[in-house]
Amino acid sequence: MSVTITPATLLEPTWSVVGRTEDGRDRKYLYLPDTMAKWPWPRKINPYYEEVAAESNAWLRCFTLFTPESQYAYETCDFGRIASLAYPDALRTGVDLMNVFFVVDEYTDVEPAHGVRDIIEIVIDALQNPDKPRPEGEIMLGEVTRQFWARGRTTATPEAAKHFVESFTDYLNAVIVQADDRDNDTIHTIDSYFETRRENVGTRPSYVPGELHLSIPDEAFYHPVIKELEHLTTDLIILDNDIASYNKEQATGDDRYNILTITMHQFNTDFDSAMKWVANFHNEVEMRFLNALNRVPSWGPEVDKQVAVYIEHLANWPRCNDCWNFESGRYFGSKGLEYQKTRLVPMLPKRPRNPNLRRENVEVLLVDRIEEMMSGSRAIRA
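Below is the structure:
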C-alpha cells in the first residue's frame, strides 16, 4: 500500500510547548496525541502475566547477554507485559518471542551492516534447525533462538509453524537492510520508510503466537483483504511506536529511522507540523482498517470462525502496543502512566550511545538515568 502525502495536509503546529520549571528555566515538552482514543478494542491482559514473564526472564538471564547494568535496564522495558497484552493464549511462546526480538534489536542496532549480517545468518540457521546443536564459541543469540523455537513449535499447528518461520526469516533479512540504511546514513521518504519498516518492525511474526492454535488454510491466510488488515495493523503500530520512541531516539542520536524525523525532512518542516501530519494519518489508517473489515470474504463456517479469531487478534495489537508504550519503562521510564494521562513529556537531553560498544557489551539505556541529566524540577508552572 502506498502512502499518499501532500504538504497541504500539514496543519498548524500544536504538538510541542515550552514550559517554565520551578527554578525559572525554560523546558521544552512534547505533547503526545491520544491516537488510540477512538479505537474500538479495549485493553486486556493475560492474568498469568507476572508468573510467565518471570520464567521467561530467568531463562534469558542464563545466557548473560548483557552487562548487569544493561540487563537491569532491559528488564525495565517489561517485554513480558507486551506479550501479556497481546496474547490470551500461548503466553510463554509470546513472552519468549518478545525477548528474542528485543535482544536481536539491541545487538544489531550497534553493529555495522557486515556484523549484523553475521548475526542474522546465525539466528536464521538456528530458527530453521532447532534440533541442531550450536557451534562452540558462537554468539549466544544462536542458542537463544534455537531453544525458543524448539519449545515454541511444540505448541503450534503446522500452518502456524510455517507462518512463523516464513515471517520471522523475512523480518531478520529486513534487519540487514536497516543496517545498510544506517551505515549509509539513509533518510527515507515516507513511502519508502513504510515499505521497509513493515518488515523490520517485526509485526508479522509477532502476530503468529495469536494463531498458534489455529489451522487457517492458505487461501484464507494469504487473501489480499487479510494481508491488507495485517498491513494496516502494522502501520498503526509503526506510527504509535515512532511517536512514543521519538524522545528517547532524539536523545541518543537514533531518530533518523522515525516517521517524525522523516516527515520533517521530506516536507522541510518542524516537529509540530510533522506530529500533526502523523496524527492525521493515524486517523486515516484506522478508518481503512474498519472499512476493510466489511470486505472480508467467507470460506465456510469452520474457516470463517478461525479467521475471525485471527482478525480479533490483529485488532487487539494496536491497543496492546499503545498500552505497553506507557506501561513499560522502554520509552518513558518510571513516568509512563503519568505521561499517558497528561500527554506532556519533557524533552530529554542529548545523550549519544558509545559507538565503540558491541554485542554483549551493548549499552541498554535507562530512560530515568537520561532524565537525571535534567537538573531541577520538571513541573510546568501554570
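Just so you know, this note's numbering puts 354 at position 332 of the sequence shown, and the rest follows in order with no gaps.
Don't be surprised by glycine CBs; every beta carbon is placed ideally from N, CA and C.
Boundaries of the beta strand (DSSP E) around P368: 366-368.
With the rule of 3 Cβ pairs closer than 8 Å, the segment 190-203 counts as touching the segment 222-232. In this structure the segment 316-331 does not lie against the segment 263-272, because fewer than three pairs of beta carbons, one per stretch, are closer than 8 Å. H185 sits buried, since 16 or more C-beta atoms from the chains shown fall within 10 Å of its C-beta. Non-local beta-carbon contacts of I209 in its own chain, meaning distances under 7 Å to residues more than five positions away in sequence, involve R278, I284, H287 in chain order. DSSP places S295 in the uninterrupted alpha helix (DSSP H) bounded by 293-315.
Looking from the CA of E97, the closest CA among Y70, E360, N121, T115 belongs to N121. Just measuring C-alpha positions, the residue of I260, S92, I142 sitting nearest V386 is S92. A Cβ-Cβ contact shorter than 9 Å links V138 with A201. With 16 or more other Cβ atoms inside 10 Å of its own Cβ, E128 counts as buried. Membership of H136 in the alpha helix (DSSP H) is indicated by the continuous run 135-150.
Taking all protein chains shown into account, C84 has fewer than 16 neighbouring C-beta atoms within 10 Å of its C-beta and is therefore exposed.
Assignment of R49 by DSSP, reduced to helix, strand and coil, places it in the strand class.
By a beta-carbon distance limit of 8 Å, L113 does not contact T179. Their separation comes to about 17 Å. Using a Cβ distance threshold of 9 Å, L163 and L87 count as a contacting pair.
Ranked by Cα distance from I198, the first of P152, A80, Y244, D131 is D131. For the set F243, K372, T218, I281, the Cα lying nearest the Cα of G275 is the one of K372. Inter-residue distance for A314 and E160 is about 46 Å (C-alpha atoms, whole angstroms). For S267, the uninterrupted alpha helix (DSSP H) segment begins and ends at 246-273. Straight across, the Cα-Cα distance linking E73 with R103 is about 11 Å.
For K298, the number of other beta carbons within 10 angstroms of its own is at least 16, and it is reported as buried. Contact between the segment 356-369 and the segment 48-61 is present: 3 or more CB-CB pairs across the two stretches fall below 8 Å. Runs of the alpha helix (DSSP H) lying entirely within the segment 169-242, each at least 4 residues long, are 180-205, 212-222, 225-229 in chain order. Pairwise C-beta distances place the segment 327-335 in contact with the segment 234-246, as three or more of them are shorter than 8 Å.
Around the CB of S78, 16 or more other CB atoms lie within 10 Å, so the residue is classed as buried.
Excluding five sequence positions before and after P231, the CB atoms of its chain that fall closer than 7 Å to its own CB belong to Y109, A112, T115, G116, L119, given in chain order.
Taken through DSSP and simplified to helix, strand or coil, V166 comes out as helix.
If you draw a straight line from the Cα of K66 to the Cα of S350, it comes to about 15 Å. Proximity to K249 across A183, Q272, L336 peaks at L336, based on C-alpha coordinates. If you check the CB distance, L254 and R310 come in under 9 Å. The shortest CA-to-CA distance from N263 to any of V145, F348, P62, N206 is the one to F348. Rounded to the nearest angstrom, the gap between the Cα atoms of F354 and V125 is 19 Å. One thing to note: V247 has its Cβ within 9 Å of the Cβ of V318. The straight-line gap separating the alpha-carbon atoms of D153 and R175 is approximately 11 Å.
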